[in-house]
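S.K.:
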Amino acid sequence: MSQETSKYKRILIKLSGEALAGEGEFGIDSNKAHSLAEEIKEVHSLGVEIALVVGGGNLIRGANLAKVGMDQATADYMGMLATIQNALALQDACEKKGLYTRVQSAIDIHSIAESYIRRRAVRHLEKKRIVIFAGGIGNPYFTTDTAASLRAVEVGCEVILKATKVDGVYEADPKKDPSAKRYTHISFMESIKRRLKVMDSTALSLCMENNMSIIVFDIFKRGNLKDLVLGDKKIGTLISNSEDIRIDGE
Numbered sequence: 086m087s088q089e090t091s092k093y094k095r096i097l098i099k100l101s102g103e104a105l106a107g108e109g110e111f112g113i114d115s116n117k118a119h120s121l122a123e124e125i126k127e128v129h130s131l132g133v134e135i136a137l138v139v140g141g142g143n144l145i146r147g148a149n150l151a152k153v154g155m156d157q158a159t160a161d162y163m164g165m166l167a168t169i170q171n172a173l174a175l176q177d178a179c180e181k182k183g184l185y186t187r188v189q190s191a192i193d194i195h196s197i198a199e200s201y202i203r204r205r206a207v208r209h210l211e212k213k214r215i216v217i218f219a220g221g222i223g224n225p226y227f228t229t230d231t232a233a234s235l236r237a238v239e240v241g242c243e244v245i246l247k248a249t250k251v252d253g254v255y256e257a258d259p260k261k262d263p264s265a266k267r268y269t270h271i272s273f274m275e276s277i278k279r280r281l282k283v284m285d286s287t288a289l290s291l292c293m294e295n296n297m298s299i300i301v302f303d304i305f306k307r308g309n310l311k312d313l314v315l316g317d318k319k320i321g322t323l324i325s326n327s328e329d330i331r332i333d334g335e
């Protein structure tokens with residue numbers, strides 16, 4: 086066991102599909118999968134119990150299919166199947182690093198994944214297995230952000246770490262407005278009111294009602310995940326029920 090001490094006992098990491106994406110943010114890049122697995126291993130070595138939810142946007146975006154005329158429910162189910170593919174890729178990468186891993190799917194697909202059972206998931210976590218929740222919540226019209234919020238609450242995680250390609254939540258899109266400042270803390274209610282697009286409002290409301298804090302951070306910066314879990318550095322943006330708003334540098 087590492088001498089370093091984690092700030093958390095049980096966490097849920099929410100990954101977007103693009104964290105696994107290859108060229109043009111499409112497909113699965115095995116190098117990215119193995120890099121993620123290495124960072125997960127570093128955190129796991131601290132004794133942290135880790136659950137994961139991964140999106141499917143690198144393979145299929147249900148919302149985009151619905152916009153071009155496909156039935157919304159059908160498009161969403163296709164997106165859920167994409168999350169299962171990503172979960173299997175991440176499982177393979179983690180197991181090649183020597184981590185015991187289980188994929189639990191909200192859609193029954195017995196040949197390749199366990200069906201989601203809350204008590205079984207908790208038991209896996211207690212045994213220090215990595216649990217990857219796939220298939221969203223098993224119903225259309227809900228995002229993988231909502232799935233992450235629901236699973237984190239269900240299995241008793243202390244925090245959701247939302248892994249993105251930006252270093253936190255900004256007042257405006259930093260690509261369009263270079264002067265936009267980054268929040269170091271903002272409340273759930275303000276995130277919803279200001280439509281900051283951190284997570285969808287259903288996911289944020291669920292976290293708010295269950296006092297489940299979220300930290301939005303840059304997963305592509307090596308070491309960020311471990312530093313965040315150790316609590317050594319102020320990384321990303323904390324979203325919680327506390328009403329104070331803090332901006333980086335102020």
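Each residue of the sequence shown is one higher than the one before, starting from 86 at the first, in the working numbering.
Positions of the beta carbon are idealized from the N, C-alpha and C atoms, including for glycine.
Given the structure is predicted, the values throughout are model-derived calculations rather than measurements.
Please list, in chain order, all residues of the same chain as P259 whose beta carbon is under 6 Å from its beta carbon, the five residues on each side excluded.
M.R.: Excluding residues within five positions, the ones whose Cβ falls inside 6 Å are A265.
S.K.: When we look at the beta-carbon of F111 and count the other beta-carbons within 10 Å, is it buried (16 or more) or exposed?
M.R.: The residue in question, F111, is exposed, as its Cβ has fewer than 16 Cβ neighbours within 10 Å.
S.K.: The alpha helix (DSSP H) spanning D303 covers which residue range?
M.R.: Taken as a continuous stretch (DSSP letters only), D303 belongs to no alpha helix (DSSP H), being part of the beta strand (DSSP E) at S298 to D303.
S.K.: Counting only the same chain and skipping the five closest in sequence on each side, list residues whose C-beta sits under 7 Å from that of A174.
M.R.: The residues are L105, I113 and A118.
S.K.: For the segment 230-239 and the segment 201-221, state whether three or more C-beta atom pairs, one from each stretch, are separated by less than 8 Å.
M.R.: Yes: at least three Cβ pairs fall under 8 Å.
S.K.: In this structure, does DSSP put S190 in helix, strand or coil?
M.R.: Reduced to three states, the DSSP call for S190 is strand.
S.K.: Along the chain, where does the alpha helix (DSSP H) that runs through V238 open and close?
M.R.: It spans T229 to E239 - the alpha helix (DSSP H) in which V238 sits, taken as one unbroken run.
S.K.: Going by other Cβ atoms of all chains shown within 10 Å of its Cβ, with 16 needed for buried, is M86 buried or exposed?
M.R.: Low per-residue confidence applies at M86: pLDDT is 45, beneath 50, and the placement is therefore not dependable, though the value from the model is reported in the following sentence. It is exposed - the Cβ of M86 has fewer than 16 other Cβ atoms within 10 Å.
S.K.: Name the DSSP bridge partner or partners of Y255?
M.R.: Per DSSP, R267.
S.K.: Leaving out five residues on either side along the sequence, give the residues of the same chain with a beta carbon under 7 Å from the beta carbon of I320.
M.R.: For I320, where only same-chain residues beyond five positions count, the Cβ hits under 7 Å are F302, N309, D312 and L313.
S.K.: Beta-carbon within less than 7 Å of C242's beta-carbon, same chain only, minus the 5 sequence neighbours each way: which residues are those?
M.R.: For C242, where only same-chain residues beyond five positions count, the Cβ hits under 7 Å are R95, I96, L97 and A136.
S.K.: What are the boundary residues of the beta strand (DSSP E) that includes F218?
M.R.: I215 to A219 is the span of the beta strand (DSSP E), which, as asked, contains F218.
S.K.: Measuring CB to CB, does K348 end up less than 7 Å from F305?
M.R.: This structure cannot speak to residue 348, because the chain is shown only from 86 to 335.
S.K.: Per DSSP, what kind of secondary structure is A136 in: helix, strand or coil?
M.R.: In this structure, A136 counts as strand in the three-state DSSP scheme.
S.K.: Y185 and R214: beta carbons closer than 7 Å?
M.R.: A contact, by the Cβ cut-off of 7 Å.
S.K.: Please specify which runs of the alpha helix (DSSP H), each continuous and at least 4 residues long, are wholly inside the segment 94-180, giving them in chain order.
M.R.: DSSP runs (the alpha helix (DSSP H)) wholly in the segment 94-180: 115-129 and 147-152.
S.K.: Below 7 Å between beta carbons: does that hold for K99 and I245?
M.R.: Cβ atoms of K99 and I245: closer than 7 Å.
S.K.: When you compare the segment 160-178 with the segment 119-128, are there three or more beta-carbon pairs, one atom per stretch, that lie closer than 8 Å?
M.R.: Result yes; three or more Cβ-Cβ pairs closer than 8 Å.
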